[in-house]
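Read through the structure below, which is laid out as structure tokens, and then see the notes.
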Amino acid sequence: MSRELLELAASRNDVEDRSDDKLLGKIYAPEILRDLDRLRISYDELYSGFDSDESRLLWLGITSILRSCSFAGTAQWQYVLPNKRKSNAKIPFDAFNSFCTILLDDSFRIEIEQWHKKSRVINSDARNPFVSLDGEFDLVVTSPPYPNNYDYADATRIEMTFWQEVEGWKDLQTTVRKYLMRSCSQHAAAEHLKLEVLLSDKLLDPIRDEITAVCEQLAEVRLTKGGKKTYHTMIAAYFLDLANVFMNLRPVMSRGSLMCFVIGDSAPYGVHVQADKWLAALAMAAGFKDYNFEKLRDRNVKWDNRVHKVPLHEGNLWIKG
Numbered sequence: 053m054s055r056e057l058l059e060l061a062a063s064r065n066d067v068e069d070r071s072d073d074k075l076l077g078k079i080y081a082p083e084i085l086r087d088l089d090r091l092r093i094s095y096d097e098l099y100s101g102f103d104s105d106e107s108r109l110l111w112l113g114i115t116s117i118l119r120s121c122s123f124a125g126t127a128q129w130q131y132v133l134p135n136k137r138k139s140n141a142k143i144p145f146d147a148f149n150s151f152c153t154i155l156l157d158d159s160f161r162i163e164i165e166q167w168h169k170k171s172r173v174i175n176s177d178a179r180n181p182f183v184s185l186d187g188e189f190d191l192v193v194t195s196p197p198y199p200n201n202y203d204y205a206d207a208t209r210i211e212m213t214f215w216q217e218v219e220g221w222k223d224l225q226t227t228v229r230k231y232l233m234r235s236c237s238q239h240a241a242a243e244h245l246k247l248e249v250l251l252s253d254k255l256l257d258p259i260r261d262e263i264t265a266v267c268e269q270l271a272e273v274r275l276t277k278g279g280k281k282t283y284h285t286m287i288a289a290y291f292l293d294l295a296n297v298f299m300n301l302r303p304v305m306s307r308g309s310l311m312c313f314v315i316g317d318s319a320p321y322g323v324h325v326q327a328d329k330w331l332a333a334l335a336m337a338a339g340f341k342d343y344n345f346e347k348l349r350d351r352n353v354k355w356d357n358r359v360h361k362v363p364l365h366e367g368n369l370w371i372k373g
């Protein structure tokens, strides 16, 4: 299938010039973008409407090479950095062929080791109740978004623009961001969240006094700032989302289970948000038995141009069931 796709892509001359695209034109040489579009159009022609393991893997192959073929700073999960140049941008057809070779090797290994008999994939959102999984898990290892650290929707902008699923940054709210944890101010602003409604939820009772004081302070400080960012509602929504996560994880965790949450605190507008302390309190309220926080490193200590000097850290929040 990959050979058929490559042969069709190499033979076609019906690709429209997209070098004037506001994003793609800034990060791809015209001939590179043209070859990538040859792959995209050929994939759509061959597999549009098909939903098979093979077609999904070929889609993944094209998607996975988009950043490595750009001359701009586009490391995995990184915001687009058009002014940062890479010296080793890859050639699309070669990169896709290399991906397929790796995929073939992995497929042989998966078959030999029989991964399908040793694992199960559950597509779910931990903010919602799990169905028929009571007590099935004894370990959770996860790193939820840090509050106000990264817009994960923006990390998809190259790929979704290339596949013509979005036309610009604003489209990310309806196509991606609304499904994610509310961890960035862009998300909170787009949803027009109401602070009093968020804080009235009983799930926040264990941290009510502290989170209310912080959110109200942020609501005041934002009025003195040019951007007036909605950190106050984002923080309330973030901890409400994770309170729901803990409530839904408790029934599916076995007695004596262990969870590791890799987390970091933050200080939007210089107001400290004690993530490890508050998340531990929410976990205990959900029915978990004990916790300890293992600091891994200090944050906000390297850069002279940092906007505040609140000492931050990140580490492992260990939660016992």
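Going by this note's numbering, the sequence shown wraps up at 373, each residue one higher than the last. Think of the CB as a built atom: it goes at the ideal place given N, C-alpha and C, for glycine as much as any other residue.
Own chain, CB closer than 7 Å to residue i, minus 5 neighbours either side, in chain order
{"i": "D269", "result": "Just to set this straight, residue 269 is Gln in the shown sequence, not Asp. Cβ neighbours of Q269 beyond the five flanking positions: V323."}
Residue i burial status per 10 Å Cβ neighbour count (16 or more: buried)
{"i": "K341", "result": "exposed"}
{"i": "T226", "result": "exposed"}
{"i": "Y290", "result": "buried"}
{"i": "G101", "result": "exposed"}
{"i": "D257", "result": "exposed"}
{"i": "P363", "result": "exposed"}
{"i": "S318", "result": "buried"}
{"i": "Y131", "result": "exposed"}
{"i": "T276", "result": "exposed"}
{"i": "I174", "result": "exposed"}
{"i": "N135", "result": "exposed"}
{"i": "I162", "result": "exposed"}
{"i": "F160", "result": "exposed"}
{"i": "D87", "result": "buried"}
{"i": "I259", "result": "buried"}
{"i": "L348", "result": "exposed"}
{"i": "R307", "result": "exposed"}
{"i": "G373", "result": "buried"}
Beta-carbon proximity list for residue i, same chain, < 8 Å, skipping 5 on both sides
{"i": "A141", "result": "A81, I84, S120, C121, S122, F123"}
{"i": "L109", "result": "L155"}
{"i": "D350", "result": "P363, L364, H365"}
Simplified DSSP state of residue i, which is helix, strand or coil
{"i": "P363", "result": "coil"}
{"i": "R307", "result": "strand"}
{"i": "L348", "result": "strand"}
{"i": "P134", "result": "strand"}
{"i": "V353", "result": "coil"}
{"i": "A295", "result": "helix"}
{"i": "G339", "result": "coil"}
{"i": "C236", "result": "coil"}
{"i": "I371", "result": "strand"}
{"i": "A124", "result": "strand"}
{"i": "S94", "result": "helix"}
{"i": "A189", "result": "At residue 189 the sequence reads Phe, which differs from the Ala that was named. Three-state DSSP puts F189 in a strand."}
{"i": "V67", "result": "coil"}
{"i": "I315", "result": "strand"}
{"i": "V228", "result": "coil"}
{"i": "T282", "result": "coil"}
{"i": "V323", "result": "coil"}
Cutoff 6 Å; reference residue i; Cβ partners in own chain excluding five residues on either side
{"i": "A205", "result": "L224, V228, R229"}
{"i": "L75", "result": "T213"}
{"i": "M397", "result": "As shown, the chain starts at 53 and ends at 373. That puts residue 397 outside it, with no answer to give."}
{"i": "L60", "result": "S94"}
{"i": "R90", "result": "A61, R64, V67"}
{"i": "K280", "result": "R274"}
{"i": "K138", "result": "F123"}
{"i": "A271", "result": "H284"}
Which listed residue (the options) has its alpha carbon closest to that of residue i
{"i": "M305", "options": "R92, D186, F182", "result": "D186"}
{"i": "P181", "options": "A319, N300, W330", "result": "N300"}
{"i": "D248", "options": "L156, A265, Y343", "result": "For the sequence presented, residue 248 should be read as Glu rather than Asp. Comparing Cα-Cα distances from E248 to each of L156, A265, Y343, the minimum goes to A265."}
{"i": "Q238", "options": "K246, E211, D203", "result": "D203"}
{"i": "T153", "options": "F345, R55, E366", "result": "R55"}
{"i": "G113", "options": "T126, A327, F145", "result": "F145"}
{"i": "E188", "options": "A338, L310, N352", "result": "L310"}
{"i": "S116", "options": "F151, E106, D103, R302", "result": "F151"}
{"i": "A178", "options": "V325, V192, H244, I287", "result": "V192"}
Presumed contact (8 Å Cβ cut-off) between residue i and residue j, rounded CB distance
{"i": "L255", "j": "N296", "result": "7 Å"}
{"i": "T208", "j": "F313", "result": "That pair is no contact at about 24 Å."}
{"i": "Y343", "j": "A332", "result": "5 Å"}
{"i": "E346", "j": "W330", "result": "About 17 Å; that fails the 8 Å criterion."}
{"i": "L118", "j": "E219", "result": "With 8 Å as the limit, L118 and E219 do not qualify as a contact, their Cβ atoms being about 17 Å apart."}
{"i": "Y283", "j": "N200", "result": "6 Å"}
Closer than 8 Å to chain C by CB, residue i
{"i": "I143", "result": "Within the model displayed, chain C is absent; a lone protein chain is all it includes."}
Residue i CB to nearest heavy atom of the ligand GTP below 7 Å
{"i": "I162", "result": "The ligand GTP is not part of this structure, which contains no ligands at all."}
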